[in-house]
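Before any comments, here is the structure.
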Amino acid sequence: MLKFKGGKDMKTTLSVIKADTGSVGGHNRPSEAMLDKAREVAAKAVKKGLLKDARVSFTGDDIAFLMSHTRGVDNSDIHKFAWDAFVETTKIAKKQGLYGAGQDLLKDAFSGNVRGMGPGSCEIEFEERAAEPFILFAADKCGPGMFNQPIFEAFADPYHNAGLLLAPDMKAGFTYNIMDVNYTEADRVITLRVPEDMYEINALLRDPNHYVIESVIENASGLKGAVVSTSRLHNIAGKYVGKDDPVAIVRTQKQFPSTGEILSPWAKAYYVLGDNRGSHHVAVMPVKQNTIISYFDGPTIVSAAGYCVHEGKFTELVDLFDQPFWDMVREKASLKTYEMRQQGFYGPAMAGMDELEYTGVVQILKGLDKKFTIRKSK
Ligand code: F6R
Ligand code: MG
Ligand code: MG
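Here the sequence shown stands for residues 8 to 385, numbered as in this note's numbering.
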C-alpha cells in the first residue's frame, strides 16, 4: 500500500460537492468572478492542509469542487469547506446581480453535512492502486437518475464492458446499491448484483425518477468503483427550486471497466428528464468541461474529466468528450432533442403529472375540474 511521508498508510478520499449559486444570463453559467473565488478558497484549503488537492470546474450553471483528502466520506470539515465556499460564490453572484444567486443553498446555516441542504455530493474512499485513474462526470438540467442507464450498462453490459467477456476476474460481476429517492424520511436502499439480479435491477432502474444508482462495487475484489450524488432538490425544498444536476465519480481500468468502456454508453445520447423548467425530455449531450447552457434552457449536458490521483494529488485532466468522435454524438443529440421539441408538450416530450416541476398545469386542471359535467346515460 502507498504510504504518506512519515510511513502512515494512505487512504484517499475523493469528494465532489457541487451547487448552483447564481448565473450569468438566465440559468446558463457561473461568472468568472465566482469561479475565481472558488479557485481561491480551494487553493487556500490545500495550503492549509485540509485538502490534499482540489479542482474547480463548471457544467452549465453549476460549480463543482473536486477534492482529495484523507478524512474519509461525510467529513464535516470538508462539507463545511464546500458550504462556506458556496456562501462566498453566492455573495459574489449577489454583488454582480446574477440570476438565481444562492439558488441551491436551501438552508440558512450549515449543520454538519451538505446532504439535505441543497448542494449535491458524491464521495469515495479507497487505498490508491498503483495507478488510480478515474472520471468525474458532471451534468446539468437533469436528475440523478440520468446516470442509471449509462452507469448500469458500462459495468454490466458486455456490449460496452468487453471486460465481462475478455477479463476473467470481471465475470463475477458487480453489485449495485440503488436508492429510493422518493423516500424522504431516511436513506432507503437496496443491494442487488449482476448477473444474478439482472432483471430486478432493470425493473428498478427503468424508473430513474424514483430509483437511482448510488454506488457500484466489483464483486471479485469488493472494491467500490462508482458513486453518484443522489439528492433531489424537490424533495428537500418541497417545490421546484432548480434541477439536481448530479455528479458521479467512476474509477476505471484493471478491476473496473476501462475509461473508454465507461464512456461507451454515452454515445447513445439517451433521452432524459430535466430540460427547461425541469419538465422536458431531451437527449443528453456529452460536452467539454465548462460548457454553457443555451437551447431551450438546455439541452441536458454531461462532462467527463479523466484524472489519475497519486498520493492525493491530481494529475492534469483529460477532457474526455473533447475528441472528434463526440462531435458526431453531439450532432445526434442535437437532432434527437430538436425532434422531441417538435412535439412540444405532447406525450413523451413533457414530464408526466407526477414529475412536472412547475405547478401551472395542475392549477389549470384544478380550475377546469368544476366545469366538467357528467352526461346522463341515455
Ligand atoms: C433551470 C431551468 C430553467 C428554468 C427556467 C425558468 O435549471 O431548467 O429552464 O426553470 O429558465 O426559470 P425561473 O423560474 O427561475 O424564471
Ligand atoms: Mg444546474
Ligand atoms: Mg440551475
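Ideal placement from N, C-alpha and C gives every residue a C-beta, glycine not left out. Because the structure is a prediction, the values reported are computed rather than measured.
Check, Outcome
"Any non-hydrogen atom of ligand 1 closer than 7 Å to N216 Cβ", "no"
"H34 CB to nearest heavy atom of ligand 3 below 7 Å", "yes"
"Span separating the alpha-carbon of S310 from that of K51", "26 Å"
"Simplified DSSP state of T19, which is helix, strand or coil", "strand"
"Supposed close pair P151, V188 - CB separation, criterion 8 Å", "7 Å"
"Any non-hydrogen atom of ligand 1 within 7 Å of N283 CB", "yes"
"Inter-residue Cα distance where the pair is G56 and D361", "46 Å"
"Member of W333, R382 and C315 whose CA lies at the smallest distance from the CA of I142", "C315"
"Distance cut 7 Å, beta-carbon to ligand 2 heavy atom: residue list by chain order", "D27, H34, G67, D68, D69, D147, K148, G249, K250 and D252"
"Cβ-Cβ distance between S75 and F321 below 8 Å", "yes"
"Cutoff 6 Å; reference Y277; Cβ partners in own chain excluding five residues on either side", "Q156 and V291"
"Rounded separation between P272 and R382 - CA only", "52 Å"
"D390 and K295 closer than 8 Å at C-beta", "What is shown of the chain runs 8 to 385, which leaves residue 390 out entirely."
"Assigned secondary structure, M205 (DSSP; H/G/I helix, E/B strand, else coil)", "helix"
"A112 vs V31 beta-carbon contact at 8 Å", "It should be noted that the sequence gives Leu, not Ala, for residue 112. No."
"Buried or exposed (CB count within 10 angstroms, at least 16 for buried), T221", "The sequence as given places Glu at residue 221; Thr does not occur at that position. Buried is the call here."
"G107 beta carbon near ligand 3 (any heavy atom closer than 7 Å)", "yes"
"Which residues DSSP lists as bridging I24, in chain order", "F72 and S128"
"CB-CB length for G87 against F117, believed under 8 Å", "Checking the sequence shown, residue 87 turns out to be Lys, not Gly. The Cβ separation is near 6 Å, so the contact holds."
"For L143: DSSP bridge partner residues", "I256 and A312"
"For T66, the residue or residues it bridges with in DSSP", "D69"
"Of the listed residues S301, T259 and K378, nearest to P140 (C-alpha basis)", "T259"
"Reduced DSSP secondary structure (H/G/I, E/B, other) of S222", "strand"
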